[in-house]
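Protein chains in written order, with the numbering used here: chain A, 5 to 216; chain B, 8 to 476. Glycine residues also receive a C-beta, built at the ideal position from the N, C-alpha and C atoms. Working notes, beginning with the structure itself.
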Amino acid sequence: MKPFTTLDALAMPLDRANVDTDAIIPKQFLKSIKRSGFGPNLFDEWRYLDRGEPGQDCSDRPKNPDFVLNRARYQGAQILLTRDNFGCGSSREHAPWALEDYGFRALIGTSFADIFFNNCFKNGVLPIVLPAAQVDELFRQCEATDGYRLVVDLAAQTVTRPDGTAIKFDVDPFRKECLLNGWDDIGLTLRHAEKIRAFEEKRRAEHPYYFA
Amino acid sequence: MEAQTLYEKLWSSHVVHEEADGTALIYIDRHLVHEVTSPQAFEGLKLAGRKPWRVSSIVATADHNTPTDHWERGIEDPVSRQQVETLDANIREVGALAYFPFKDSRQGIVHVIGPENGVTLPGMTVVCGDSHTSTHGAFACLAHGIGTSEVEHVMATQCLLQKKSKTMLVKVDGKLGRGVYAKDIALAVIGRIGTAGGTGYAIEFGGSAIRALTMEGRMTLCNMAIEAGARAGLVGVDDITIDYLRDKPFAPKGEVWNKAADYWRTLKSDEGARFDRIIELDASAILPQVTWGTSPEMVETVAGRVPDPAEISDPVKREGVERALKYMGLAPNTPISEIPVDQVFIGSCTNSRIEDLREAAAVAKGRKKASSVKRVLVVPGSGLVKRQAESEGLDKVFMEAGFEWREPGCSMCLAMNADRLEPGEHCASTSNRNFEGRQGAGGRTHLVSPAMAAAAAVAGRFVDVRELS
Chain A
5 MKPFTTLDAL
15 AMPLDRANVD
25 TDAIIPKQFL
35 KSIKRSGFGP
45 NLFDEWRYLD
55 RGEPGQDCSD
65 RPKNPDFVLN
75 RARYQGAQIL
85 LTRDNFGCGS
95 SREHAPWALE
105 DYGFRALIGT
115 SFADIFFNNC
125 FKNGVLPIVL
135 PAAQVDELFR
145 QCEATDGYRL
155 VVDLAAQTVT
165 RPDGTAIKFD
175 VDPFRKECLL
185 NGWDDIGLTL
195 RHAEKIRAFE
205 EKRRAEHPYY
215 FA
Chain B
8 MEAQTLYEKL
18 WSSHVVHEEA
28 DGTALIYIDR
38 HLVHEVTSPQ
48 AFEGLKLAGR
58 KPWRVSSIVA
68 TADHNTPTDH
78 WERGIEDPVS
88 RQQVETLDAN
98 IREVGALAYF
108 PFKDSRQGIV
118 HVIGPENGVT
128 LPGMTVVCGD
138 SHTSTHGAFA
148 CLAHGIGTSE
158 VEHVMATQCL
168 LQKKSKTMLV
178 KVDGKLGRGV
188 YAKDIALAVI
198 GRIGTAGGTG
208 YAIEFGGSAI
218 RALTMEGRMT
228 LCNMAIEAGA
238 RAGLVGVDDI
248 TIDYLRDKPF
258 APKGEVWNKA
268 ADYWRTLKSD
278 EGARFDRIIE
288 LDASAILPQV
298 TWGTSPEMVE
308 TVAGRVPDPA
318 EISDPVKREG
328 VERALKYMGL
338 APNTPISEIP
348 VDQVFIGSCT
358 NSRIEDLREA
368 AAVAKGRKKA
378 SSVKRVLVVP
388 GSGLVKRQAE
398 SEGLDKVFME
408 AGFEWREPGC
418 SMCLAMNADR
428 LEPGEHCAST
438 SNRNFEGRQG
448 AGGRTHLVSP
458 AMAAAAAVAG
468 RFVDVRELS
């Protein structure tokens with residue numbers, strides 16, 4: 005996994021609540037057996053005016069000019085401002101894959117759906133939860149200011165605004181450590197292989213019917 | 008010992024290791040696998056030169072991409088076919104306790120085949136790369152959906168990295184009225200707490216109305232826990248649970264069964280156990296539900312009207328409702344009963360089990376699909392459900408009513424196969440998500456119970472099923 009340390013990047017506001025994973029990456033793209041290449045289909049149904057199909061060249065598809073992602077001022081954005089319950093719905097990891105493939109490395113919002121939140125950390129994408137008043141303010145400033153950039157510092161757990169003021173955020177110490185170092189979870193877990201084996205043997209003895 | 012919730016019992020019996028911040032490694036008993044979220048995990052495993060930790064924990068099926076008619080033609084979409092064939096090849100190479108491939112007589116939706124084959128057993132941890140894994144919590148399993156990286160992690164280590172959830176008790180007491188089902192309870196709960204109301208929680212469903220539900224009803228309820236934001240839904244074990252599992256193909260037999268059943272009966276919350284949050288509902292006050300918007304929390308009773316954004320003060324909420332009404336093509340204050348229905352879908356991991364089909368058939372019997380309704384799809388959850396329904400003559404009831412009787416699979420719940428809505432079409436659907444484009448780009452989904460779906464098929468609009476029977 006790509007480590008996440010600091011990110012100094014353009015922010016883009018996506019001002020709607022309950023953005024579900026079907027909206028982030030529609031189902032027809034889930035037929036891929038690969039992990040990469042989902043970026044051009046991120047938010048496909050909002051972003052394009054025609055119906056997207058897997059394997060298509062997206063460069064000449066008609067774009068929806070009203071969708072925020074298509075505005076010139078947000079090209080190259082790597083930080084996504086979101087509202088309540090972003091990433092709700094399906095467990096498809098294709099959602100963080102698509103966000104990451106497009107270029108988003110950090111998401112800032114009031115709340116994220118559990119499975120999506122988890123999936124982000126496995127892919128070097130940092131979801132940051134902030135109180136509603138602070139998220140509101142970031143939305144206001146971002147919409148009012150061309151070229152609005154934020155600096156995310158994971159080690160310091162801060163989001164710094166263009167005026168230099170920093171907002172602190174919380175993150176699980178274990179997840180933070182993994183993300184900072186780009187550690188592979190499986191490798192980490194396998195350090196406990198002995199313990200897993202011992203647990204399994206005990207469970208098998210007590211509840212053999214789970215192992216039939 | 009301190010009184011424990013069912014969730015705490017399941018959690019503590021699976022912790023292998025705990026980090027200082029509470030992140031734990033929990034042991035996984037059952038790993039359900041389907042074709043959509045597994046190929047990258049199998050590939051990752053192979054690239055890293057790793058082997059699955061315990062192949063006998065894996066039960067697999069192909070369900071999302073499979074067609075529901077003309078099986079003799081195979082899977083015509085080459086991209087779908089490749090995904091299903093990739094699963095075939097991966098299971099051939101790696102192995103599994105059981106595999107129900109496309110066209111197998113026991114193939115079906117992963118959350119239907121687990122319980123009906125007895126591979127879902129009380130006290131297990133169950134995972135699947137699918138958010139509706141919460142379904143299995145109906146059997147007092149700690150069951151939740153995981154992403155593909157976690158699928159690979161479970162294959163490689165038999166464990167999942169997890170933090171303990173908070174606990175919520177949804178207590179539903181009293182008796183459900185005629186024409187009101189588990190699906191209506193689920194939608195009423197989501198309408199009450201919202202689609203993020205359960206985020207961070209495991210929801211246990213309790214109370215006399217839950218105890219009175221069949222296993223099918225409990226599965227419907229736990230299935231929808233994820234739509235309330237909760238990764239896991241739970242129902243404690245009772246006689247109904249035990250009776251359902253007896254003689255299922257993979258359930259223990261003889262002396263082992265007795266020992267298992269004794270343990271399973273302890274899998275319920277202790278008297279006086281403390282929950283972080285408690286929600287109470289009166290079952291007798293719940294009416295048939297219909298969603299009108301693009302999130303399951305946008306729900307009303309069949310007697311209600313769609314909301315008027317002008318009456319909503321919170322600007323984010325108001326814009327959400329305005330956007331939903333525009334997408335759904337509905338004017339503010341439209342009575343639910345005046346929404347016309349173009350297609351009907353009876354199926355999905357929420358409502359495709361035998362009891363669901365019986366409820367729909369009871370409404371369809373002796374009636375005809377309205378001529379304005381283009382198509383009514385009835386998609387059984389599995390080959391076993393299909394054969395059971397046919398042995399009861401339900402297929403004939405549906406076909407005589409002008410409904411289409413299909414082969415099992417996920418079908419138009421998410422429209423990864425050929426079954427889908429056309430832009431602008433309204434669908435009465437027994438599935439779980441009414442998100443934009445979920446059943447086909449531009450399609451408009453209204454979530455309802457199987458009985459309400461059948462009633463909508465007959466009337467061509469939403470009607471209170473109690474008026475029909």
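Look at residue i and residue j and say whether their C-beta atoms are less than 8 Å apart.
i	j	result
A290/B	A235/B	no
F33/A	N45/A	yes
V370/B	A461/B	yes
V117/B	D36/B	no
L130/A	V156/A	yes
P7/A	D28/B	no
V477/B	A31/B	An answer regarding residue 477/B cannot be provided, because it is not within the stretch 8 to 476 covered by chain B.
S115/A	T206/B	yes
V386/B	F410/B	no
K178/B	I285/B	yes
V86/B	K35/A	yes
Q114/B	S398/B	no
A239/B	A268/B	no
G51/B	E157/B	no
Under 7 Å between beta-carbons, which chain B residues line up against residue i? List them in chain order, please.
i	result
P30/A	G444
T86/A	Neighbours of T86/A on chain B: none; closest Cβ ~11 Å, over 7 Å.
A27/A	F442 and E443
K199/A	V23 and H24
P4/A	A query on residue 4/A cannot be resolved here, the shown segment of chain A reaching from 5 to 216 and no further.
Alpha carbon to alpha carbon, how far is residue i from residue j?
i	j	result
R87/A	V175/A	18 Å
T221/B	V187/B	14 Å
F146/B	S418/B	25 Å
R5/A	D188/A	The sequence given here places Met at residue 5/A; Arg does not occur at that position. Cα-Cα distance, rounded: 6 Å.
R272/B	E181/A	41 Å
W299/B	E198/A	53 Å
M175/B	K172/A	29 Å
E362/B	E223/B	7 Å
Y214/A	E366/B	33 Å
R360/B	W412/B	14 Å
E26/B	E57/A	44 Å
Please list the partners that residue i has in chain A, where partner means a Cβ-to-Cβ separation under 9 Å.
i	result
C434/B	Going along chain A, no residue has its Cβ under 9 Å from C434/B, so there is no contact; the nearest lies around 15 Å.
Would you please state the rounded distance, in angstroms, between the beta carbons of residue i and residue j? I believe it to be under 8 Å.
i	j	result
G154/B	G136/B	7 Å
I233/B	S141/B	5 Å
M162/B	P59/B	5 Å
K381/B	A408/B	Not quite, the Cβ-Cβ distance comes to about 15 Å (not below 8 Å), so this is no contact.
I112/A	L73/A	16 Å between Cβ atoms; not a contact.
Bridge partners of residue i, per DSSP?
i	result
L84/A	M16/A and L111/A
P131/A	L111/A
M175/B	I210/B and R284/B
S436/B	F352/B and L454/B
P342/B	R312/B
A105/B	V66/B
L32/B	H24/B and L168/B
At a CB-CB cut-off below 7 Å, which residues of chain A make contact with residue i?
i	result
G154/B	S95, E97, I119, N122, N123 and K126
Q114/B	Result: empty, since nearest Cβ-Cβ is about 18 Å, beyond 7 Å.
N72/B	K35
A448/B	E49 and R55
So which residues on chain A does residue i lean against when the C-beta distance must stay under 8 Å?
i	result
Q89/B	K35 and I37
D137/B	S94 and S95
V43/B	L34, K35 and R96
V263/B	P212 and Y213
S141/B	None at all; the shortest Cβ gap to chain A is about 10 Å.
F257/B	A216
List, in chain order, every chain B residue whose beta-carbon is nearer than 9 Å to that of residue i.
i	result
R207/A	S20, H21, Y34 and D36
F178/A	E26, A27, D28, G29, T30, L168 and K170
R65/A	None at all; the shortest Cβ gap to chain B is about 13 Å.
P17/A	The premise fails here: P17/A is roughly 12 Å from chain B at the closest Cβ pair, so nothing lies under 9 Å.
A102/A	Those within 9 Å of A102/A in chain B number zero; the least Cβ separation is about 13 Å.
Give the interface partners of residue i over in chain B, defined as CB-CB distance under 8 Å, in chain order.
i	result
P58/A	V86
F203/A	V23 and Y34
I190/A	A55, R57, E159, H160, A163 and T164
Chain D beta carbons: is any one of them nearer than 8 Å to that of residue i?
i	result
L183/A	Absent from the structure: chain D. Protein chains present are A and B.
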